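Undergrad: Just so it is clear: in the sequence shown, position 230 is 235 by this note's numbering, and no numbers are missing.
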Amino acid sequence: MRIGTGRHRRTRTLSIAAAISLSAGAGGFLLGLSDHGARADSRTVTVSTTAGLESAVKNAVAGTTIQVRGGTYTPAATLKSTASGTHSARITLKAYGTEKAVIDGAELPAGSWLAGIYGSHWTVENLTFRNAPAQGLVVTSSTGGIFRNLVTAGNGDSGFTLRGDGTVGNLVQNLDSHGNHGRNADGLAIKFGSGTGNKVTGARLHDNADDGIDLWQFSSPVTIEHSQAFRNKNGFALGGGGAHPAHSVIGNTAWGNKLNDES
């Protein structure tokens, strides 16, 4: 790089390889690099290919925002991260603007989840997770997660799962989980764990092989509000397996569920 200086201080000459472009962005300068469709600065990665998505999730750190362009992405292995954000520097995985981004498990090996998060302070929003051989999205022992406007559909086990001890203060908002199949396939499973402050609001859980929502062996209270469960085996399965917490179930509706026709 060569920067010319002299009497005319407004004059600057910038020489750099054509493969790298420098442009002004909302957060300062954005260094655009070809990385299997990824475009990144220190905080924001915009992906448009499956390889770019896999790389971005694998390398996410506190403060990373991953924006997924519209289209269908077919990873060959489970998308997985053990990274955590912080209160002030979350990790965000979301669709780009109003574009429709679908993560599809059609290319995964038998028994695979589509995505697994093992960290805290994630925001995942405006994405579809579908057609995994097993679970769609699994979040383990996570604190402070926000999971908003997601679709989990047609997976071979539960569409969306929160599990593990230390599952604390997570929000599941406007989840649409349907058509998940397999013996134990729930629309939303919050089970085999503990942790306070978890809330489900505005969910639509329907046409799943097992329960709309299942709280099996989750030993801490969960709040479920303003949600619908229909055409599942059970609508709202509020525990079992020895756990008896005082869950809060407010303003929900359930109907047409096969085991108990709740209405």
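Glycine residues also receive a C-beta, built at the ideal position from the N, C-alpha and C atoms. Remember, it's a predicted structure, so these values are computed and weren't measured experimentally.
Check whether the Cβ atoms of Asp170 and Gly200 lie closer than 8 angstroms to each other.
TA: Result yes, Cβ atoms of Asp170 and Gly200 sit closer than 8 angstroms.
Undergrad: Could you give the distance in angstroms between the alpha-carbon of Gly247 and the alpha-carbon of Gln222?
TA: One C-alpha to the other measures close to 7 angstroms.
Undergrad: So is the beta-carbon of Leu58 under 7 angstroms away from any non-hydrogen atom of the ligand ATP?
TA: This structure lacks the ligand ATP, and indeed carries no ligand of any kind.
Undergrad: Can you tell me the Cα-Cα spacing of Gly256 and Ala56, whole angstroms?
TA: Their backbone Cα atoms lie some 42 angstroms apart in a straight line.
Undergrad: Taking only the alpha-carbon atoms, compute the straight-line gap between Asn213 and Asp109 and give it to the nearest angstrom.
TA: C-alpha separation (whole angstroms): 18 angstroms.
Undergrad: Any idea if Ser93 is buried or exposed, counting beta-carbon neighbours within 10 angstroms, 16 or more meaning buried?
TA: Label assigned to Ser93: exposed.
Undergrad: My output table needs one value for Ser86: the three-state DSSP class, helix, strand or coil.
TA: Correct three-state label for Ser86: strand.
Undergrad: Is Gly198 near Gly174, with beta carbons less than 8 angstroms apart?
TA: No; because the gap between Cβ atoms is not below 8 angstroms, this pair is not in contact.
Undergrad: If you draw a straight line from the C-alpha of Gly240 to the C-alpha of Glu130, how long is it?
TA: Going from the Cα of Gly240 to the Cα of Glu130 covers about 24 angstroms.
Undergrad: Using three-state DSSP, classify Ala199 as helix, strand or coil.
TA: The residue you asked about is not Ala; residue 199 is Ser in the sequence shown. Reduced to three states, the DSSP call for Ser199 is strand.
Undergrad: Please report the straight-line C-alpha distance between Gly30 and Leu58, rounded to a whole angstrom.
TA: In this prediction, Gly30 scores a pLDDT of 33, lower than 50, which makes its location untrustworthy; the coordinate-derived value is nonetheless stated afterwards. Between Gly30 and Leu58, the C-alpha separation is close to 21 angstroms.
Undergrad: Spell out whether any CB of chain B is found under 8 angstroms from the CB atom of Gly244.
TA: No chain B appears in the structure shown, which is made up of a single protein chain.
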